[in-house]
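Visitor: Structure below; questions to follow.
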Amino acid sequence: MEQGVKERLIQIAGPENYTESLIDIVAYSYDASDNSGRPCAAIWPRNSGQVCEIMRLAWEKNIPVTPRGAGTGLAGSAVPAAGGIVLDMSRMIRILEISIADRLVVLEPGVVYEDLDRALAPYGFFFPPDPASGKVCTIGGNVATNAGGIRCAKYGVTRDYVLGLEVVLADGRLIKTGARCMKSVSGYDLTRLFVGSEGTLGIITEALLKLVAKPAWARTALVHFATLADAGQAVYEANATRYLAQLDAVEAEVKAAIARIPADRRKAITSHDAFGYFVKAYGIEFIAPQGVSTEAEASAKDVGRIIRQIKAEKIPAVFLENVTNPRLVERIAKESGAKVGGQIFSDALSDAAGPAGTYIAMMKHNISQIEKALAAGPA
Ligand SMILES: Cc1cc2nc3c(=O)[nH]c(=O)nc-3n(C[C@H](O)[C@H](O)[C@H](O)COP(=O)(O)OP(=O)(O)OC[C@H]3O[C@@H](n4cnc5c(N)ncnc54)[C@H](O)[C@@H]3O)c2cc1C
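All you need for this note's numbering is the position in the sequence shown, starting with 1, plus 6.
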């Protein structure tokens, strides 16, 4: 970095928020994709005023700037392909306002998805997009990638919840888009233009997000099908009911998870005969409709009814995810008329951060549950 520019950047953000140390530069050369590219420096701005000044300077000096949240993006767009500055937004973490009456939250882009979820929980509200990387990814990254996780079949993606944004443009000008109300219909929809723009149109420094009341309850069931086509048919049929179902390609998740385990440990799993069953298992996630009884008994009845609705008689077993109450397991078995194969840990499938030992133990547990149920034959 040119000495004069470096000095000015340190003046703007403070020495503790500027780095060009090799270890940081290497870390900022990657995100969760296979791409790489080294920046000259990285800066952690603390407020939108600093972002404006940094962008103005970069504009004048023609220095590329790449905004970054948690670096979990899979498209490689947080990688500074053209060098220059990485603008790490992860220190702008203030939740500025939670207004339940207006059903919105105003926050800075570095807030981690799960931290927002935790902050909203006491109010009984949530921000639905739920990317699987929610433990670490940031709201700025979610907005910039238009993220959406497993709930999107029911709730939609990030785009459907962004009411407005504060954005610093490439030349350092700050603009505000959208409005604080649910109905705002006039003018160009600039908010939508920025959502999903992967940091190419400006730096998001504040987001105004719509909140949704949490459903009274939600239960998940993992159902085993002989073929992908059967699972697809079940989704199709379940979609025609008032329930929403989403096909979860467990196979792909399992394969990706295996690839992450070191080869010497991987052997222990792949040599397990029952593993083939697991790879063939496809899951269906049922998302409860809002306003249904909060009683666990009623939820068991509902899950059971859905399983029946999707022709439970064809499936050899039902596996319940994270259900520990044996009475509930019994009830679901009774209501569905299907063989309940016991608890499985589907969380482990996508838990890239989990220690490999725990992961393997969970997989073994799951496999033995499936083996046991399949050996016992159809219900
Ligand atoms: C294990 C795993 C599971 C995942 N699951 C999902 C999933 O279920 N659904 C899904 O949609 N994605 C998923 N992803 C991808 C990724 O987590 C999301 O795209 C997430 O929204 C990225 O957030 P981030 O904070 O990590 O952003 P980064 O990766 O840091 O950045 C992503 C993009 O956003 C831009 N950006 C970041 N902050 C700002 C800002 N303040 N202003 C302007 N631009 C900005 C960056 O320049 C880049 O273009 C997953 C990734 C992993 C590794």
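Glycine included, every Cβ here is placed at the ideal spot set by N, Cα and C.
I'd like to know whether the C-beta atoms of G146 and Y119 end up nearer to each other than 7 Å.
Guide: Indexing the sequence shown from 1 puts residue 146 at position 140. Indexing the sequence shown from 1 puts residue 119 at position 113. Result no, Cβ atoms of G146 and Y119 do not sit closer than 7 Å.
Visitor: Which partner residues does S42 have in the DSSP bridge list?
Guide: The sequence position of residue 42 within the sequence shown is 36, counting from 1. Paired residues: Y36.
Visitor: Compute every distance between the C-beta of L214 and the non-hydrogen atoms of ligand 1, then say whether any falls below 6 Å.
Guide: Position 208 of the sequence shown, counted from the first residue, corresponds to residue 214. Outside the cutoff, so no.
Visitor: Comparing alpha-carbon positions, which option in A107, E8 and K220 lies nearest L63?
Guide: Stepping through the sequence shown from its first residue, residue 63 is reached at position 57. Answer by Cα proximity: E8.
Visitor: Let me know the secondary structure DSSP gives Y194 once reduced to three states.
Guide: Counting from one through the sequence shown, the residue named residue 194 turns up at place 188. If DSSP states are grouped into helix, strand and coil, Y194 belongs with coil.
Visitor: Identify the residues that DSSP records as bridge partners of L217: which are they?
Guide: As a working mapping, residue 217 is identified with position 211 in the sequence shown. DSSP lists no partner for L217.
Visitor: Could you give the DSSP three-state label for G184: helix, strand or coil?
Guide: For the purposes of this step, residue 184 is identified with residue 178 of the sequence shown, where counting begins at 1. Strand, per DSSP.
Visitor: Pull the bridge partners of S105 from the DSSP assignment, please.
Guide: Position 99 of the sequence shown, counting from 1, holds the residue named residue 105. For S105, which the question treats as bridged, DSSP gives the partners L110.
Visitor: Taking the alpha-carbon of L102 as reference, which of K216, L113 and S96 has the nearest alpha-carbon?
Guide: Start at 1 with the first residue of the sequence shown, and residue 102 comes out as number 96. Comparing Cα positions, the closest option is L113.
Visitor: What residues match up with E212 in a beta bridge as DSSP calls it?
Guide: Here residue 212 is taken as the residue at index 206 of the sequence shown, counted from 1. E172, per the DSSP bridge assignment.
Visitor: What I want to know is whether the C-beta of E204 ends up closer than 6 Å to one or more non-hydrogen atoms of ligand 1.
Guide: On the sequence shown, position 198 is the one that residue 204 refers to. True, at least one ligand heavy atom lies under 6 Å from that Cβ.
Visitor: Going by Cα to Cα distance, which pick from G43, P73, S192 and F131 is closest to T144?
Guide: As a first step, residue 144 is located in the sequence shown; it is residue number 138 there, counting from the start. For the residues G43, P73, S192 and F131, the minimum Cα distance to T144 belongs to P73.
Visitor: Where does F292 sit, in a helix, a strand or coil, going by DSSP?
Guide: The count along the sequence shown starts at 1 and reaches residue 292 at position 286. The predicted position of F292 is uncertain, since its pLDDT is 33 and thus under 50; no value can be drawn from it.
Visitor: By the DSSP assignment, the alpha helix (DSSP H) with D166 in it spans what residues?
Guide: Sequence index remark: in the sequence shown, residue 166 carries index 160 (1-based). Counting along the chain, D166 falls outside any alpha helix (DSSP H), and DSSP gives it neither H nor E.
Visitor: When you compare the CB positions of V168 and T211, do they come within less than 7 Å of one another, or not?
Guide: Against the sequence shown, residue 168 aligns to sequence position 162. Against the sequence shown, residue 211 aligns to sequence position 205. Contact flag unset, no.
Visitor: Taking G90 and C58 to be in contact with their CB atoms under 8 Å, please state how far apart those CB atoms are, rounded to whole angstroms.
Guide: Here the question's residue 90 lines up with position 84 in the sequence shown. Here the question's residue 58 lines up with position 52 in the sequence shown. That pair is no contact at about 17 Å.
Visitor: In angstroms, rounded to a whole number, what distance separates the CA positions of S190 and A38?
Guide: Position 184 of the sequence shown holds residue 190. Position 32 of the sequence shown holds residue 38. Roughly 36 Å between the two C-alpha positions.
Visitor: Express the C-alpha separation of G20 and M95 in angstroms, rounding to a whole number.
Guide: Residue numbering aside, residue 95 sits at position 89 when the sequence shown is read from its first letter. Residue numbering aside, residue 20 sits at position 14 when the sequence shown is read from its first letter. About 15 Å.
Visitor: Please go through the region 48-95 and give each complete alpha helix (DSSP H) segment of 4 or more residues, from N-terminal end onward.
Guide: 54-67
Visitor: Check each candidate in T164, K216 and K12 and name the one with the smallest Cα separation from I104.
Guide: Reading the sequence shown from its first residue, position 98 is the one you call residue 104. Out of T164, K216 and K12, K216 has the C-alpha closest to the C-alpha of I104.
Visitor: Taking D123 as the reference, which of A219, Q17 and I16 has the closest Cα?
Guide: As a first step, residue 123 must be located in the sequence shown, where it is residue number 117. Nearest option by C-alpha distance: A219.
Visitor: A38 CB to nearest chain D CB: under 7 Å?
Guide: Looking for chain D here will not work: only one protein chain is present.
Visitor: Ignore the nearest five residues each way along the sequence and tell me which others in G184's own chain have a CB closer than 8 Å to its CB.
Guide: On the sequence shown, position 178 is the one that residue 184 refers to. V168, L169, G170, L171, S190, L196, T197 and L214.
Visitor: Please report the Cβ distance between M61 and V174, rounded to the nearest whole angstrom; I am assuming they are in contact, meaning their Cβ atoms lie under 8 Å.
Guide: Within the sequence shown, numbered from 1, the residue matching residue 61 stands at position 55. Within the sequence shown, numbered from 1, the residue matching residue 174 stands at position 168. Indeed they touch by this definition, with Cβ atoms about 5 Å apart.
Visitor: Whose CA, out of K160, T206, M188 and A84, lies closest to the CA of P221?
Guide: In the sequence shown, the residue the question calls residue 221 occupies position 215. In terms of CA proximity to P221, K160 leads the group K160, T206, M188 and A84.
Visitor: For A107, which option in M188, I209 and L199 has the closest C-alpha, if you only look at C-alpha atoms?
Guide: Here residue 107 refers to the residue found at position 101 of the sequence shown. For the residues M188, I209 and L199, the minimum Cα distance to A107 belongs to M188.
Visitor: Among T78, L207 and S192, which has the Cα closest to the Cα of A138?
Guide: Numbered from its first residue, the sequence shown carries residue 138 at position 132. The option with the nearest alpha carbon to A138 is T78.
Visitor: Could you tell me which residues DSSP pairs with V118 in its beta bridges?
Guide: Along the sequence shown, read from residue 1 onward, the residue named residue 118 stands at position 112. Partner(s): T144.
Visitor: Let's test the definition: count the other Cβ atoms within 10 Å of the Cβ of P128 and tell me whether it reaches 16, buried, or not, exposed.
Guide: Taking the sequence shown and counting its residues from 1, one reaches residue 128 at position 122. Classification for P128: exposed.
Visitor: Among the residues of its own chain, which have a CB less than 7 Å from the CB of G193, if the five just before and after it don't count?
Guide: Taking the first residue of the sequence shown as position 1, residue 193 is located at position 187. The answer is none, since no qualifying residue turns up.
Visitor: Taking V201 and V117 to be in contact with their CB atoms under 8 Å, please state how far apart those CB atoms are, rounded to whole angstroms.
Guide: Translated into positions along the sequence shown, residue 201 becomes position 195. Translated into positions along the sequence shown, residue 117 becomes position 111. With 8 Å as the limit, V201 and V117 do not qualify as a contact, their Cβ atoms being about 16 Å apart.
Visitor: For Y24, list the residues DSSP reports as bridge partners.
Guide: Taking the sequence shown and counting its residues from 1, the one referred to as residue 24 is at position 18. Per DSSP, the beta bridge partners of Y24 are I49.
Visitor: If the criterion is Cβ atoms closer than 7 Å, does the pair D177 and W50 meet it?
Guide: Within the sequence shown, the letter at position 171 stands for residue 177. Within the sequence shown, the letter at position 44 stands for residue 50. Going by beta carbons, D177 and W50 fall outside the 7 Å limit.
Visitor: Assuming the contact rule is C-beta atoms closer than 8 Å, D136 and G162 should be a hit. Round their C-beta distance to whole Å, please.
Guide: To locate residue 136, count along the sequence shown from 1; it is residue 130. To locate residue 162, count along the sequence shown from 1; it is residue 156. In fact, because the Cβ distance is near 11 Å, the residues do not count as touching under 8 Å.
Visitor: Could you pull out every residue in the same chain whose Cβ sits closer than 7 Å to the Cβ of L110, ignoring the five residues on either side in sequence?
Guide: Here the question's residue 110 lines up with position 104 in the sequence shown. Taken in chain order, the residues that qualify are L169, R186, L214, L215, K216 and L217.
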